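Take a look at the structure below.
Number of protein chains: 2
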Amino acid sequence: MQSFNPPVRTLMGPGPSDVHPRVLQAMARPTIGHLDPAFISMMDETKEALQYAYQTKNELTMPVSAPGSAGMETCFANLVEPGDKVIVCINGVFGNRMKENVTRLGGEAVIVSDSWGDAVSADKLEQALKENPDTKIVAFVHAETSTGAQSDAKKLCAIAHQYDCITIVDAVTSLAGTELRVDEWEIDAIYSGTQKCLSAPPGISPVSFSERAINKLTNRKSPVPSWFLDLNLVMGYWGKGAKRAYHHTAPVNTLYGLHESLVMLTDEGLENAWTRHEENHQMLKTGLESLGIGFLVKEQDRLPQLNSVLIPDGVDEAAVRSTLLNDYNLEIGAGLGDLAGKVWRIGLMGYSARRENVLLCVSALKEIL
Amino acid sequence: MQSFNPPVRTLMGPGPSDVHPRVLQAMARPTIGHLDPAFISMMDETKEALQYAYQTKNELTMPVSAPGSAGMETCFANLVEPGDKVIVCINGVFGNRMKENVTRLGGEAVIVSDSWGDAVSADKLEQALKENPDTKIVAFVHAETSTGAQSDAKKLCAIAHQYDCITIVDAVTSLAGTELRVDEWEIDAIYSGTQKCLSAPPGISPVSFSERAINKLTNRKSPVPSWFLDLNLVMGYWGKGAKRAYHHTAPVNTLYGLHESLVMLTDEGLENAWTRHEENHQMLKTGLESLGIGFLVKEQDRLPQLNSVLIPDGVDEAAVRSTLLNDYNLEIGAGLGDLAGKVWRIGLMGYSARRENVLLCVSALKEIL
Numbered sequence: 005m006q007s008f009n010p011p012v013r014t015l016m017g018p019g020p021s022d023v024h025p026r027v028l029q030a031m032a033r034p035t036i037g038h039l040d041p042a043f044i045s046m047m048d049e050t051k052e053a054l055q056y057a058y059q060t061k062n063e064l065t066m067p068v069s070a071p072g073s074a075g076m077e078t079c080f081a082n083l084v085e086p087g088d089k090v091i092v093c094i095n096g097v098f099g100n101r102m103k104e105n106v107t108r109l110g111g112e113a114v115i116v117s118d119s120w121g122d123a124v125s126a127d128k129l130e131q132a133l134k135e136n137p138d139t140k141i142v143a144f145v146h147a148e149t150s151t152g153a154q155s156d157a158k159k160l161c162a163i164a165h166q167y168d169c170i171t172i173v174d175a176v177t178s179l180a181g182t183e184l185r186v187d188e189w190e191i192d193a194i195y196s197g198t199q200k201c202l203s204a205p206p207g208i209s210p211v212s213f214s215e216r217a218i219n220k221l222t223n224r225k226s227p228v229p230s231w232f233l234d235l236n237l238v239m240g241y242w243g244k245g246a247k248r249a250y251h252h253t254a255p256v257n258t259l260y261g262l263h264e265s266l267v268m269l270t271d272e273g274l275e276n277a278w279t280r281h282e283e284n285h286q287m288l289k290t291g292l293e294s295l296g297i298g299f300l301v302k303e304q305d306r307l308p309q310l311n312s313v314l315i316p317d318g319v320d321e322a323a324v325r326s327t328l329l330n331d332y333n334l335e336i337g338a339g340l341g342d343l344a345g346k347v348w349r350i351g352l353m354g355y356s357a358r359r360e361n362v363l364l365c366v367s368a369l370k371e372i373l
Numbered sequence: 005m006q007s008f009n010p011p012v013r014t015l016m017g018p019g020p021s022d023v024h025p026r027v028l029q030a031m032a033r034p035t036i037g038h039l040d041p042a043f044i045s046m047m048d049e050t051k052e053a054l055q056y057a058y059q060t061k062n063e064l065t066m067p068v069s070a071p072g073s074a075g076m077e078t079c080f081a082n083l084v085e086p087g088d089k090v091i092v093c094i095n096g097v098f099g100n101r102m103k104e105n106v107t108r109l110g111g112e113a114v115i116v117s118d119s120w121g122d123a124v125s126a127d128k129l130e131q132a133l134k135e136n137p138d139t140k141i142v143a144f145v146h147a148e149t150s151t152g153a154q155s156d157a158k159k160l161c162a163i164a165h166q167y168d169c170i171t172i173v174d175a176v177t178s179l180a181g182t183e184l185r186v187d188e189w190e191i192d193a194i195y196s197g198t199q200k201c202l203s204a205p206p207g208i209s210p211v212s213f214s215e216r217a218i219n220k221l222t223n224r225k226s227p228v229p230s231w232f233l234d235l236n237l238v239m240g241y242w243g244k245g246a247k248r249a250y251h252h253t254a255p256v257n258t259l260y261g262l263h264e265s266l267v268m269l270t271d272e273g274l275e276n277a278w279t280r281h282e283e284n285h286q287m288l289k290t291g292l293e294s295l296g297i298g299f300l301v302k303e304q305d306r307l308p309q310l311n312s313v314l315i316p317d318g319v320d321e322a323a324v325r326s327t328l329l330n331d332y333n334l335e336i337g338a339g340l341g342d343l344a345g346k347v348w349r350i351g352l353m354g355y356s357a358r359r360e361n362v363l364l365c366v367s368a369l370k371e372i373l
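Structure follows, in structure tokens:
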């Protein structure tokens, strides 16, 4: 058995994205104890920077010690009680995963369906709420990583609140890549990943809970079914001011990486990061259109950071991805589910959203096609 | 907000342990995609090396993408169905946590209690099995991190099997630190952490399931309540030979760290690692006894890698730990639960199990006391 020396890739798939050398270096700093006072002050800074990234004052804003899928489960396991009716808006893979969470937790899922590639329809949501006045929670994906469609989170949350529902929002691909304002849009529970537009290594999931969500949590009739994800316990470790109580061992070095990526985000400025993603998206669009490659998603609903582009007729899509990987060390993503074989997913996330990456991707595709 | 530069500590608490510079360097290698062919061949090597560390041929042997507590929950959430009777042997904090898992999953927990610091009593287990012939699962902690006591896993598993139960075993602190033979001892489901005797950074949890455990899993009447931890799904990504299906994004860089620590373990040899832990424990024991410091646990039940030592009368234990941390950059652990204020926990785990660490610890304590 030999040490593993990975190839150096350019990561333009649906995530992980390129990790900046500063973040990689941070990962290699000496491990310290998860109750060390020095570590705890880093935790406080991380929470504060995540509040900035989410544009929220929510006290319960912290990274869950597991990937984005576990961040999703943290929101559902803490907020959905057996018998709760939950409207799940599905317009791609990750909406389906939300539904799986609801039913496994004993909730009743009511589905609002939109085509893959479309945004979630506000009208359909309102209709479903009228037909299901006993709904407790509305869940939807802000930025569908499987399609590249962006939904109007502000509008969807406003409708949900008119019907006295709290909202659970998937922001795995949107956080730090496109406009997202948790407090202004009144999002109640939100989760994200570190390996997309934050450009930190995968493995942790920032979440944030509003007062409304915390009320639902603290008034539960049954215990949270997961010990590991129970925020009542996790907050004993991550809570501000309180004496830190041991819950689990935090992923110390991965948190070093997240902290460094948040230093870089605050240095750049959140709005500037959004603009950078948009500018690189426009450049990619121009380049791809010059090759005759179009987009799956209507222009007004497109995510800048996740581009689902239509595979030209007669092209062996898997062979193209292999050539990109083997000859150019460039990773782009395949289509998922119904979109397999129909689209490529080209990510421009975080440190991957750079002019040089866009040029490489367009030039390489030009050579191959 | 500034980059975080942690102090350089010597970690002799209950974990995380010192991480070898080779492992830290591996963490900083360039991130690649979690479906990259190069990554997948690293996953295969990692699984194989974990089989070696666990001394098992179990096909279902892999790292869960979250800390040891989530490894625990993986075992319980996949194996315990609502209504299942589970005997949980409790002789410390982590037995209690097992019980929490069982009850939250709708199982019925029957407790076999032993004093903190004692091994689990085989006689009491057998008695409980006689009184509860409908028991499906027996769960116990092999190496109690909260007390430093080691239980006879081989014997406890043999008894459980006489009564047609499968076994769930916590090996968070034992894996690679003390004798552990999953196949020979017929352990059915086992979980561990990376931040103890493997000396990799915290954040992932190696688990292994026997055929008997997989039978229980595949014959479930209800779905696994956790989508993230459902091994039916996880194995689509980690399974051998099969086309790797996306489940969640693996913690790529943390897995680099684990892989490197497993390279080091195979180079050293598992039995040699066990011997190293024992030798350093003996040296620590001699040193502490020369200071008049004794052990909580009876000699025959002591774990070499986790030493619960009795705080001398009249000593302000928290002040001593602070002085060790601030003046010597040396971390040792406090007592947990009933043992708070009564013991220190001195870890000799993985790369921390070195002669120089033992000397530093004994000399520093001598200066302070």
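For the protein sequence lines, the chains are A and B, in the order given. In terms of this note's numbering, the first sequence opens at residue 5 and continues consecutively. In terms of this note's numbering, the second sequence opens at residue 5 and continues consecutively. Beta carbons are placed, not taken as given, at the ideal position from N, Cα and C, and that holds for glycine. Fair warning: this is a prediction, and the values are worked out from it, not measured in the lab.
Euclidean distance between Cα positions of residue 67 of chain A and residue 37 of chain B
22 Å
Which bits of chain A does residue 260 of chain B rub up against, with CB to CB less than 8 Å?
8 and 10
Is residue 372 of chain B helix, strand or coil when you go by DSSP?
helix
Pick out whichever of A/139, A/86 and A/19 has its Cα sitting closest to the Cα of residue 92 of chain A.
A/139
Does the stretch 150-163 of chain B come close enough to the stretch 314-333 of chain B that 3 or more CB-CB pairs lie under 8 Å?
no
Of the residues A/18, A/166, A/119 and A/292, which one's Cα is nearest the Cα of residue 99 of chain A?
A/119
Look at the Cβ atom of residue 179 of chain A, then the Cβ atom of residue 161 of chain A, and state whether they are nearer than 9 Å.
no
Output, in chain order, the set of chain B residues within a Cβ distance shorter than 9 Å of residue 73 of chain A.
69, 231, 232, 251, 252 and 253
Minimum length 3: unbroken beta strand (DSSP E) runs contained in the stretch 153-210 of chain A
170-174 and 193-195
Alpha carbon to alpha carbon, what distance is there between residue 116 of chain A and residue 166 of chain A?
17 Å
Under 7 Å between beta-carbons, which chain A residues line up against residue 77 of chain B? List them in chain order, please.
230, 231 and 232
Whole-number beta carbon distance between residue 65 of chain B and residue 212 of chain B, since they are thought to touch under 8 Å
4 Å
Interface residues of the stretch 24-38 of chain A facing chain B [CB-CB below 8 Å]:
26, 28, 29, 30, 31, 32, 33, 34, 35, 36, 37 and 38
Along chain A, in chain order, which residues have C-beta atoms closer than 9 Å to that of residue 267 of chain B?
5, 6, 7 and 8
Residue closest to residue 349 of chain A, alpha-carbon to alpha-carbon, out of A/325, A/114 and A/367:
A/325
Exposed or buried, residue 256 of chain A, counting other C-beta atoms within 10 Å across all chains shown (16 or more means buried)?
buried
Taking DSSP as the reference, what is the three-state secondary structure of residue 40 of chain A?
coil
Determine the closest residue to residue 83 of chain A out of A/69, A/301, A/107 and A/249, with distance taken between C-alpha atoms.
A/107
Within 9 Å of any Cβ in chain B, is that where the Cβ of residue 98 of chain A sits?
no
Spatial neighbours of residue 347 of chain B in its chain, beta-carbon cut-off 7 Å, leaving aside the 5 residues before and after:
300, 312, 313, 314, 315 and 339
Let me know the secondary structure DSSP gives residue 148 of chain B once reduced to three states.
strand
Can the beta-carbon of residue 216 of chain B be found less than 9 Å from the beta-carbon of residue 192 of chain B?
yes
Give me the Cα-Cα distance between residue 176 of chain A and residue 261 of chain A, rounded to the nearest whole angstrom.
17 Å
Residue 221 of chain B versus residue 79 of chain B - alpha carbon distance:
10 Å
Of all the residues that make up the stretch 183-204 of chain A, which are near chain B by a beta-carbon distance shorter than 8 Å?
197 and 199
Classification of residue 168 of chain B by the beta-carbon crowding that lies within 10 angstroms, buried from 16 upward:
exposed
Residue 270 of chain A at chain B interface by Cβ criterion, 9 Å:
yes
With H, G and I counted as helix, E and B as strand and the rest as coil, what does DSSP make of residue 124 of chain A?
coil
Rounded separation between residue 19 of chain A and residue 44 of chain B - CA only
16 Å
The alpha helix (DSSP H) with residue 82 of chain B in it runs from where to where?
72-83
Figure out for me which residue from A/129, A/207 and A/345 has the closest Cα to the Cα of residue 141 of chain A.
A/129
Would you decide whether residue 359 of chain A is buried or exposed? Buried here means 16 or more other CB atoms lie within 10 Å of its CB.
exposed
Below 9 Å between beta carbons: does that hold for residue 232 of chain A and residue 263 of chain A?
no
Span separating the alpha-carbon of residue 104 of chain B from that of residue 135 of chain B
22 Å
Alpha-carbon spacing of residue 351 of chain B relative to residue 163 of chain B, whole angstroms
31 Å
Closest residue to residue 123 of chain A among A/55, A/145, A/318 and A/228 (Cα-Cα distance):
A/145
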